[in-house]
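Visitor:
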Amino acid sequence: MGAQLRVYKRRIKSVKATKKITKAMEMIAASRIVKAQRQVAASTPYAEELTAAVTAVAGGAEVKHPLTTEVEAPQRAAVLLVTSDRGLAGGYSSNAIKAAEQLTQRLSSEGKDVVTYVVGRKGVAYYNFREKTVADSWTGFTDSPVYADAKRIAAPLIEAIGRDTADGGVDELHIVFTEFVSMMTQEPVDRRMLPLTLESSDAEPEAGKKAAERVQPLYDFEPSAEEVLDALLPRYVESRVYNALLQAAASEHAARRRAMKSATDNAEELIKSLTRLANAARQADITQEISEIVGGASALADASAGSDR
Amino acid sequence: MAELHVELVAADRRVWSGEARLVVARTSSGEIGVMPGHQPLLGVLESGPVTIRTTGESGDGTVIAAVHGGFISFADNKLSLLAEIAELSYEIDVERAERALEKAKSDLDAAAERRADVRLRAVAVAR
Chain P
1 MGAQLRVYKR RIKSVKATKK ITKAMEMIAA SRIVKAQRQV AASTPYAEEL
51 TAAVTAVAGG AEVKHPLTTE VEAPQRAAVL LVTSDRGLAG GYSSNAIKAA
101 EQLTQRLSSE GKDVVTYVVG RKGVAYYNFR EKTVADSWTG FTDSPVYADA
151 KRIAAPLIEA IGRDTADGGV DELHIVFTEF VSMMTQEPVD RRMLPLTLES
201 SDAEPEAGKK AAERVQPLYD FEPSAEEVLD ALLPRYVESR VYNALLQAAA
251 SEHAARRRAM KSATDNAEEL IKSLTRLANA ARQADITQEI SEIVGGASAL
301 ADASAGSDR
Chain B
310 MAELHVELVA ADRRVWSGEA RLVVARTSSG EIGVMPGHQP LLGVLESGPV
360 TIRTTGESGD GTVIAAVHGG FISFADNKLS LLAEIAELSY EIDVERAERA
410 LEKAKSDLDA AAERRADVRL RAVAVAR
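Same order as they appear, the protein sequences are chains P and B. The opening position of the first sequence corresponds to residue 1 in the numbering used here, with each subsequent residue numbered one higher. The opening position of the second sequence corresponds to residue 310 in the numbering used here, with each subsequent residue numbered one higher.
(1) List, in order along the chain, the chain P residues whose C-beta lies closer than 7 angstroms to that of ILE361/B?
(2) Which of the residues in the region 340-372 of chain B, read from start to end, lie with their CB under 8 angstroms from any CB of chain P?
(3) Determine which residues of the region 403-422 of chain B have a Cβ less than 7 angstroms from any Cβ of chain P, and write them out in chain order.
(4) Please determine if the region 226-246 of chain P and the region 139-157 of chain P are in contact, where contact requires at least 3 C-beta pairs separated by less than 8 angstroms.
(5) When the Cα atoms are used, what is the spatial distance from ALA259/P to SER382/B?
(6) Identify the residues that DSSP records as bridge partners of LEU390/B: which are they?
(7) Report the three-state DSSP secondary structure of VAL324/B (helix, strand or coil).
(8) Select from ILE158/P, ALA42/P, ARG240/P the residue whose C-alpha is nearest the C-alpha of VAL176/P.
(9) From the beta carbon of PHE221/P, is the nearest beta carbon of chain B less than 8 angstroms away?
(10) Say whether chain P places a C-beta atom closer than 8 angstroms to the C-beta of GLU316/B.
(11) Does any C-beta atom of chain B lie closer than 8 angstroms to the C-beta of VAL241/P?
(12) If you follow the alpha helix (DSSP H) that THR104/P is in, where does it begin and where does it stop?
(13) Quick test of your reading: LEU350/B and VAL376/B, contact by CB under 8 angstroms. State the CB separation rounded to the nearest angstrom.
(14) Count the CB pairs spanning the region 83-102 of chain P and the region 115-127 of chain P that are closer than 8 angstroms, and state whether there are at least three.
(15) Using Cβ-Cβ distances below 8 angstroms, what residues of the region 46-57 of chain P are close to chain B?
(16) Let's see if you can read the secondary structure: which residues bound the beta strand (DSSP E) around ILE175/P?
(17) Let me check understanding here. Comparing Cα to Cα, which of ALA329/B, VAL359/B, ARG335/B lies closest to PRO345/B?
(18) Starting from VAL228/P, find everything on chain B with Cβ-Cβ shorter than 8 angstroms and list it in chain order.
(19) Ignoring anything shorter than 3 residues or poking outside the region 333-361 of chain B, list the beta strand (DSSP E) runs there in chain order.
(20) For TYR236/P, decide whether its Cβ has a neighbour in chain B, counting only Cβ atoms nearer than 8 angstroms.
(21) Since ALA319/B meets chain P, which of its residues come closer than 8 angstroms, beta carbon to beta carbon?
(22) If we cut at 8 angstroms on Cβ distances, does ARG330/B have a partner in chain P?
(23) Quick one, are the C-beta atoms of ARG191/P and ILE33/P less than 8 angstroms apart?
(24) Please report the distance separating the alpha-carbon of GLY111/P from that of ARG362/B.
(25) Is ARG76/P closer than 8 angstroms to ASP164/P when the C-beta atoms are compared?
(26) Counting contacts by CB-CB distance shorter than 8 angstroms, is LEU397/B in contact with chain P?
(27) Any contact between the region 40-47 of chain P and the region 275-289 of chain P? By contact I mean 3 or more CB pairs, one from each, below 8 angstroms.
(28) Distance, Cα to Cα, ALA305/P vs VAL7/P?
(29) PHE129/P lies in the alpha helix (DSSP H); which residues open and close that run?
(30) Would you check if there are 3 or more beta carbon pairs closer than 8 angstroms linking the region 45-58 of chain P to the region 218-230 of chain P?
(31) Measure the C-alpha to C-alpha separation of GLN4/P and THR18/P and round it to an integer number of angstroms.
(32) Look up GLN247/P in the DSSP assignment and give the residues it is bridged to.
(33) So what does DSSP say about LEU196/P, is it helix, strand or coil?
(34) What are the residues in the region 140-155 of chain P lying within 9 angstroms of chain A by C-beta distance?
(35) Output needed for ILE12/P: all residues of its chain with C-beta closer than 7 angstroms, excluding positions within five of it in sequence on either side, in chain order.
(36) Consult DSSP for ALA73/P and reduce its assignment to one of helix, strand or coil.
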């Protein structure tokens with residue numbers, strides 16, 4: 001076997017091994033999307049009912065609650081960015097980070113200090129590398145988040161919004177995550193969670209709109225409107241964070257599946273062209289051998305013909 | 310007989326939904342019973358058992374659920390019970406809850422003790 005042919009054979013083998021890995025990752029991601037989507041669907045009833053309840057209190061009752069009223073000159077805004085723990089998902093994390101950076105720029109141009117909270121190892125690495133300060137970060141659960149994770153994330157956010165701006169509290173709460181539109185499309189989006197904007201209360205736009213359009217019945221509050229709102233808003237933030245985490249997880253798997261699919265396709269393409277090259281090299285080897293044999297034979301024939309004479 | 314629609318949802322799933330003629334729950338200011346045509350209501354739930362007397366399509370019977378905090382809201386003859394964690398009485402593993410209660414007591418974990426206690430109380434009411 002010629003040296004050239006051996007080199008090609010070795011490369012084909014290595015590309016084949018890589019293809020096997022990417023193929024496996026593609027299939028794992030594909031099966032996880034379904035599970036993640038089911039979780040998003042399972043969490044929707046709670047989110048919808050909660051949104052309806054928040055709409056009812058905020059719209060129906062004449063309550064001045066710090067969390068529902070717009071601050072006149074907001075000075076500080078918190079941004080929660082949801083990225084993934086692991087790479088090999090195409091542009092998933094970097095797109096989310098880009099969206100967060102844009103939002104940060106917009107907020108600072110409006111004269112607000114931005115406090116960043118990050119979920120996912122990729123986002124943490126990005127901010128650490130650039131030596132940007134992060135108020136808090138969480139890692140280790142982005143591919144299958146549970147409600148307790150959302151609770152853990154929401155706690156400091158709620159605490160920050162409850163505190164006075166002068167003591168380092170925040171006036172606004174934004175969240176940046178990747179929305180799962182469909183298997184093929186995932187979009188990084190930024191949403192304002194607090195103060196409440198009920199028109200675009202968007203995780204479930206239909207529910208929000210429907211609730212807003214309906215004539216608000218006069219609610220009886222147990223024990224009082226303020227206390228209900230006090231108890232409701234943390235749950236609302238948690239549920240929004242939970243929903244964002246679940247959508248981000250579904251998006252992450254979808255992005256990874258797509259990235260791994262194109263990696264598998266590329267590997268196939270590469271194997272094909274390498275096989276062609278290997279065939280050509282083998283053919284060239286054979287041709288050379290034949291011409292060497294023919295050349296050798298005729299040289300022998302010439303030599304023996306000469307000695308006969 | 311008039312009936313009201315009940316949705317019992319936890320953070321990660323819909324636990325129960327159906328028709329009922331009476332729902333008894335415990336808010337922070339006391340027990341409250343909701344029947345069809347009740348005034349619109351929004352309240353904060355205490356951890357504890359919730360009793361749903363079912364009727365109509367769901368059949369006449371009683372559903373007991375252990376609800377760990379949350380909200381009760383009633384409007385347009387539709388009652389929503391929202392809780393971070395909610396379980397139906399027959400879903401509860403009594404032995405596990407008892408063990409959890411023992412453990413929580415020895416560890417002095419008040420939250421876990423309350424959770425286990427709510428579960429056991431719901432099962433006791435269901436019996």
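All C-beta atoms, glycine included, are put in the ideal place defined by N, C-alpha and C.
Guide: So, to answer that:
(1) Per Cβ cutoff of 7 angstroms: no residues; ILE361/B is ~16 angstroms from chain P at best.
(2) ILE341, GLN348, PRO349, LEU350, LEU351, GLY352, VAL353
(3) none
(4) yes
(5) 45 angstroms
(6) LEU317/B, ILE381/B
(7) strand
(8) ARG240/P
(9) yes
(10) yes
(11) no
(12) 92-109
(13) Their Cβ separation, rounded to whole angstroms, is 16 angstroms, which puts LEU350/B and VAL376/B out of contact at 8 angstroms.
(14) yes
(15) TYR46, GLU49, LEU50, ALA52, ALA53, ALA56, VAL57
(16) 172-180
(17) ALA329/B
(18) LEU351, GLY352, VAL353, PHE380
(19) 339-343, 350-353
(20) no
(21) TYR46
(22) no
(23) no
(24) 56 angstroms
(25) no
(26) no
(27) no
(28) 42 angstroms
(29) 121-129
(30) yes
(31) 22 angstroms
(32) The partner list for GLN247/P (beta bridge, DSSP) is empty, contrary to what the question assumes.
(33) coil
(34) Going by chain labels, chain A is absent from the structure shown, which instead holds the protein chains P and B.
(35) ILE271, LEU274, THR275, ALA278
(36) coil
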